[in-house]
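**Q** Structure incoming, see below.
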Amino acid sequence: MTAAPGRVGDLQGAQGDAAAAPPAAARPLRGLRVVTLADERLPSLGKAFVDLGADVEAVSGPWSGPAPRPLLQLLESRGKRAARLPAEQADEALRQRLERADVLVCPGAVPGAPAADQIARDHPHLVIAVISDFGLTGGRRGWTGTEAVFHALAGTLSRSGVPGAEPLLPPGEVFIRGAALQIACAIVAQLHRALRSPARRGAVLDCSLFECGAVCFDPAFGMTGSGTPDSLTNPGRPDVAFVYPIFRARDGFVRVTALAPGQWDRLLEWMGRPAALAGDHLRTNMGRNAHPHVVMPALAAFFAGMTCREVVDACRERQIPACKVLSVADVLTEAHYREVGVLAGLGTAQGRQVVAAEGMATIDGARTVPRPASAADEAFGQVAGGTGGEPSRPLAGLTVVDLGVIVAGPQAGMVLAEQGARVIRVENRQFPDGMRRSFETLTPAQARGHLGKESIGLDLRSDEGRRLFTELVARADVVLSNFKPGTLERLGIASADLRSINPAVVCVETNAFGDVGPWRTAMGYGPLVRAGSGLTWLWRPDGDSEDFGDGVTIYPDHLVGRVCALMALACALDRLRTGRGARVTVAQSDVTLVQLAELLAAESVTPGSVRPPGRPGEGALRRVVFPAAGNDQWCVVDPRSDAQVAALRSFLGIGPDADLDAAVAEHVATLDARRVATALQEAGVPAAPMLRPHELADDPAVGDRQVLHATPVAGTDDLVLVERPPVLVDGEVPPRPTPAPTFGAHTLAVLEELGYDRVDIERLVSSGVAQMADSLRPPAAPVARQPAGG
Numbered sequence: 006m007t008a009a010p011g012r013v014g015d016l017q018g019a020q021g022d023a024a025a026a027p028p029a030a031a032r033p034l035r036g037l038r039v040v041t042l043a044d045e046r047l048p049s050l051g052k053a054f055v056d057l058g059a060d061v062e063a064v065s066g067p068w069s070g071p072a073p074r075p076l077l078q079l080l081e082s083r084g085k086r087a088a089r090l091p092a093e094q095a096d097e098a099l100r101q102r103l104e105r106a107d108v109l110v111c112p113g114a115v116p117g118a119p120a121a122d123q124i125a126r127d128h129p130h131l132v133i134a135v136i137s138d139f140g141l142t143g144g145r146r147g148w149t150g151t152e153a154v155f156h157a158l159a160g161t162l163s164r165s166g167v168p169g170a171e172p173l174l175p176p177g178e179v180f181i182r183g184a185a186l187q188i189a190c191a192i193v194a195q196l197h198r199a200l201r202s203p204a205r206r207g208a209v210l211d212c213s214l215f216e217c218g219a220v221c222f223d224p225a226f227g228m229t230g231s232g233t234p235d236s237l238t239n240p241g242r243p244d245v246a247f248v249y250p251i252f253r254a255r256d257g258f259v260r261v262t263a264l265a266p267g268q269w270d271r272l273l274e275w276m277g278r279p280a281a282l283a284g285d286h287l288r289t290n291m292g293r294n295a296h297p298h299v300v301m302p303a304l305a306a307f308f309a310g311m312t313c314r315e316v317v318d319a320c321r322e323r324q325i326p327a328c329k330v331l332s333v334a335d336v337l338t339e340a341h342y343r344e345v346g347v348l349a350g351l352g353t354a355q356g357r358q359v360v361a362a363e364g365m366a367t368i369d370g371a372r373t374v375p376r377p378a379s380a381a382d383e384a385f386g387q388v389a390g391g392t393g394g395e396p397s398r399p400l401a402g403l404t405v406v407d408l409g410v411i412v413a414g415p416q417a418g419m420v421l422a423e424q425g426a427r428v429i430r431v432e433n434r435q436f437p438d439g440m441r442r443s444f445e446t447l448t449p450a451q452a453r454g455h456l457g458k459e460s461i462g463l464d465l466r467s468d469e470g471r472r473l474f475t476e477l478v479a480r481a482d483v484v485l486s487n488f489k490p491g492t493l494e495r496l497g498i499a500s501a502d503l504r505s506i507n508p509a510v511v512c513v514e515t516n517a518f519g520d521v522g523p524w525r526t527a528m529g530y531g532p533l534v535r536a537g538s539g540l541t542w543l544w545r546p547d548g549d550s551e552d553f554g555d556g557v558t559i560y561p562d563h564l565v566g567r568v569c570a571l572m573a574l575a576c577a578l579d580r581l582r583t584g585r586g587a588r589v590t591v592a593q594s595d596v597t598l599v600q601l602a603e604l605l606a607a608e609s610v611t612p613g614s615v616r617p618p619g620r621p622g623e624g625a626l627r628r629v630v631f632p633a634a635g636n637d638q639w640c641v642v643d644p645r646s647d648a649q650v651a652a653l654r655s656f657l658g659i660g661p662d663a664d665l666d667a668a669v670a671e672h673v674a675t676l677d678a679r680r681v682a683t684a685l686q687e688a689g690v691p692a693a694p695m696l697r698p699h700e701l702a703d704d705p706a707v708g709d710r711q712v713l714h715a716t717p718v719a720g721t722d723d724l725v726l727v728e729r730p731p732v733l734v735d736g737e738v739p740p741r742p743t744p745a746p747t748f749g750a751h752t753l754a755v756l757e758e759l760g761y762d763r764v765d766i767e768r769l770v771s772s773g774v775a776q777m778a779d780s781l782r783p784p785a786a787p788v789a790r791q792p793a794g795g
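So for the sequence shown, my numbering puts the first residue at 6; every next one is plus one.
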């Protein structure tokens, strides 16, 4: 981004949406009182609560840092109350606020900031989220993080960009903004425990931005996509442009992602079944990935003579996932986004309307955006009540039915399972999850993506299978799904059907582009969402490059899973006082657009100002990633403040007139990246070595915080590493979730729980209505023989 977004005095917030009558359903956290002392560092955390109806007060004081960038401040301050406490009155004024609050967000290890442990003693009812860059313990607790530093240490930078070239930082600030949503999810989970506890006991959450962001953006040891290769041991940036390919058309670029065999067959039929692409070995992702020199030229030649619109329309007609690679300017004028309401005028800057994305979900048809409080809103603590005992885990007692497939849906269920919810995964042998390779074993990706769950197999296309499913839903609190729009309706288990059975159930659905608007019928995966949101267009070294850097990522799948979990938890809290369920829809494109809201706003104010690589608030250096000693070794150096720039110049021993970029490059080039980054951090300069995913397992700071643990891969003798739940509660590492189960491992137990006897279960299993791995099928009951002549 090259143009300045405008002075603070030039900005004015919008009042349009905030003045509308507030639908109660779209404000599930109404009455919740949140005080944040860390709004300068993480404004999107408070905004997540505002969007769900909470009363959020952003309090600044002697501990506060500089205000966010003007456009970011305009967007993220919507709906919040603000107060600045003078130093001499700060303690008492804060104490009065905390007596009435439910949640406190505070910075960790910041001079002048109130101490979280003392606040917890004085206000034991509070859920306190302590925000720090790398956690309150461990070898990097004194380090300073930035978006670039986090990407370098998380292993994502090493997987981004063209092989042999400089690694490419992802655009925007998607890492830090993702961390905010993970923290919001952890806070709401703890509220479930606090508000159900007779003593209303709070908790202190150790929230590392690094750890929380890493699980939302391609976690190194998390679930991968169905078309994404395992890059854990790849020493360089993977050569994967052919996995989610982009082709040049006559008027731009288009991404066509035929992952399923049927999609590939329909593509070949359209192409006239060229001989070069014949053969069963090309019907699978693995087969095509092994022969990109054959597949890619043929497809490129076929699409080259068409316009992007012609390619996309023809693909969508044939149910082949495709999307034009939209620029940020294209996004602002796209009819679909305007029609669904995710883009709106949110204020003015420099005399121009600021247009950006807001509201990542809809609840019973109303978008989650800031709305005014109502006099009828009751405080949460007065209405939730207790359960008569202390819940053992934050979500103990919550039952979730999980229909999720591939990545985004399953991630939502796993986030809830990690916090103690009972999550029952439902699969169908006749229509398997696209991630499944076998019904007897799991892949490493599945083992990482379904921790803590139970598994039941049901044929939902049979009347009896649907009946069993509805019996499950009748006892459930939440149902999760991520099918394309219309699938649940065709099965007869749409949210309206399920809520007629259980009016208190919360149904959370997610898909690529939502269930309304011109794109509602478009098939889509994460790669299409990135292409249609401007993210792919931004993820390039510059505006002239055809080297798109998002070929290996599955963003926003992991983040969307957490957004779904957050919405489910917020609506489940609302059930405690209303007894009413909800239907939540989360369009993955809307989630992505909200993460890029500042860039959209900048482009709307100054057209043409946002260009690849699309990093808002450019730092003090012209570049951020520098080559270090060794083969393909890199170091991030990213000073953001005047004090950090001064510290860097002092560290290098150069004066104010010296070329800082050249001096950093010369210094780093001959040194080990880890050592120079450590020295720079000790001098007060944000810096980090670029780590590859497999290096994280041996990283001392990761070990200090017990970030990784091993989990079995069902049906095999293998163990794989996986990230733990990223937030520490009261200084304790969360319990490890149970391993991901084999297909149908709990089918028999769940049917027994529903009241079916052995004879009924044998009939259901033998007919294929109830399903499980063959190795788990019970032996048939012996048939009594009739005596001869009897």
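Glycine included, each C-beta is placed from N, C-alpha and C at the ideal position.
(1) Using the C-alpha atoms, what's the distance from V359 back to L351?
(2) Is the beta carbon of R430 closer than 8 angstroms to that of G418?
(3) Considering only residues of the same chain and omitting the five flanking positions on each side of P618, which have a CB-CB separation below 6 angstroms?
(4) Can you check whether the CB of A380 is closer than 8 angstroms to the CB of N487?
(5) Tell me the DSSP bridge mates of F631?
(6) Within the 8 angstroms Cβ cut-off, does V755 reach chain D?
(7) Would you tell me roughly how many angstroms separate the C-alpha atoms of A750 and D762, rounded to the nearest one?
(8) In the DSSP output, what is E459 paired with across the bridge?
(9) Just to confirm, is the Cβ distance from T747 to Q776 under 8 angstroms?
(10) Would you mind reading off the limits of the alpha helix (DSSP H) that contains S500?
(11) Got a sec? Which residues, its chain only, sit under 6 angstroms from L287 by beta carbon, not counting five neighbours each side?
(12) Can you tell me whether P740 is buried or exposed, with buried defined as 16 or more other CB within 10 angstroms of its CB?
(13) Can you tell me whether DSSP reads A778 as helix, strand or coil?
(14) Give me the residue from D779, R680, E623, L540 with the minimum Cα distance to Q260.
(15) Grab the span of the beta strand (DSSP E) containing D735 for me, first residue to last.
(16) With a Cβ-Cβ cutoff of 8 angstroms, do E728 and P224 count as a contact?
(17) Rounded to the nearest angstrom, what separates G720 and S460 at their Cα positions?
(18) Going by beta carbon distance, what residues of the same chain come within less than 6 angstroms of A305, once the five residues before and after it are set aside?
(19) Could you work out which residue in V316, A517, N290, G257 is closest to W275 when comparing CA atoms only?
(20) Write down the C-beta distance between P621 and R74 rounded to the nearest angstrom, noting that I regard them as a contact closer than 8 angstroms.
(21) Quick check on the burial criterion: 16 or more other C-beta atoms within 10 angstroms. Buried or exposed for D482?
(22) Assuming the contact rule is C-beta atoms closer than 8 angstroms, P691 and T149 should be a hit. Round their C-beta distance to whole Å, please.
(23) Three Cβ pairs or more, each shorter than 8 angstroms: is that satisfied between the stretch 318–325 and the stretch 515–533?
(24) Does the distance from the CB of G470 to the CB of D464 come in under 8 angstroms?
(25) Is the beta carbon of L503 less than 8 angstroms from the beta carbon of V484?
(26) Between the Cα of P266 and those of N290, Q187, E737, A702, spot the shortest distance and give me the residue it belongs to.
(27) Find out if the Cβ-Cβ distance for the pair A281, V299 is shorter than 8 angstroms.
(28) For T312, collect the residues of the same chain with a Cβ closer than 7 angstroms to its Cβ; drop the 5 residues on either side in sequence, then sort them by chain order.
(29) Does the beta-carbon distance from V565 to V591 come in below 8 angstroms?
(30) Skipping 5 residues on each side, what residues in its chain have a beta carbon closer than 6 angstroms to that of A670?
(31) Go through the stretch 540–566 residue by residue and report every complete run of the alpha helix (DSSP H) that reaches 4 residues or more, in order.
(32) In terms of residue numbering, what span does the beta strand (DSSP E) encompassing T373 cover?
(33) May I have a chain-ordered list of the beta strand (DSSP E) segments no shorter than 3 residues that lie completely inside the stretch 703–752?
(34) What are the boundary residues of the alpha helix (DSSP H) that includes E216?
(35) Look at the Cβ atom of A452, then the Cβ atom of V511, and state whether they are nearer than 8 angstroms.
(36) Ordered along the chain, which non-local residues of its own chain (more than five positions away) have a Cβ less than 8 angstroms from that of G364?
**A** The structure says:
(1) Distance between the alpha carbons of L351 and V359: 6 angstroms.
(2) In this structure, G418 sits near R430, with a CB-CB distance shorter than 8 angstroms.
(3) Within the same chain, P618 has close Cβ partners P176.
(4) No, the pair does not count as a contact, with Cβ atoms beyond the cut-off.
(5) Under DSSP, F631 forms a beta bridge with C640.
(6) The question asks about chain D, but that chain is absent: this structure has only one protein chain.
(7) Each residue's CA atom was taken as its position, placing A750 and D762 some 18 angstroms apart.
(8) Paired residue(s): I429.
(9) No, these two residues do not count as a Cβ contact at 8 angstroms.
(10) Its alpha helix (DSSP H) spans residues 500–506.
(11) Contacts found: R293.
(12) It is exposed - the Cβ of P740 has fewer than 16 other Cβ atoms within 10 Å.
(13) Secondary structure at A778: coil, using DSSP grouped into helix, strand and coil.
(14) A quick correction: the sequence has Arg, not Gln, at residue 260. Here the closest residue by C-alpha is L540.
(15) Where D735 is concerned, there is no enclosing beta strand (DSSP E), given that its DSSP letter is neither H nor E.
(16) Annotated as proximal: E728 and P224, with beta-carbon spacing under 8 angstroms.
(17) Straight-line spacing of the CA atoms in G720 and S460 works out to 14 angstroms.
(18) So the list reads F252, once near-sequence residues are dropped.
(19) When each option's Cα is compared against that of W275, the closest is V316.
(20) The pair is a contact, with the Cβ atoms about 7 angstroms apart (cut-off 8 angstroms).
(21) Only buried fits D482, as 16 or more other CB atoms lie within 10 angstroms of its CB.
(22) Right, the Cβ-Cβ distance comes to about 5 angstroms (below 8 angstroms), so this counts as a contact.
(23) Yes: the two stretches touch, three or more of their Cβ pairs being nearer than 8 angstroms.
(24) The answer is yes: Cβ separation under 8 angstroms.
(25) With respect to V484, L503 sits close: the two C-beta atoms are nearer than 8 angstroms.
(26) Looking at the Cα atoms, N290 is the closest of the given residues.
(27) Yes, these two residues count as a Cβ contact at 8 angstroms.
(28) Excluding residues up to 5 positions away in sequence, A254, R255, D256 lie with their Cβ nearer than 7 angstroms to the Cβ of T312 in the same chain.
(29) Cβ distance < 8 angstroms, so V565 and V591 count as in contact.
(30) Cβ within range, chain order: F631.
(31) Listed in chain order, the alpha helix (DSSP H) elements of length 4 or more contained wholly in the stretch 540–566 are 540–543.
(32) Counting along the chain, T373 falls outside any beta strand (DSSP E), and DSSP gives it neither H nor E.
(33) As far as the stretch 703–752 is concerned, its whole beta strand (DSSP E) runs of at least 3 residues are 713–717, 724–728, 732–734.
(34) Run containing E216: 214–219, per the alpha helix (DSSP H) assignment.
(35) In this structure, V511 does not lie closer than 8 angstroms to A452 by Cβ.
(36) In its chain, beyond the 5 residues on either side, D56, G346, V347, R372, T373, V374, D595, V599 have a beta carbon closer than 8 angstroms to the beta carbon of G364.
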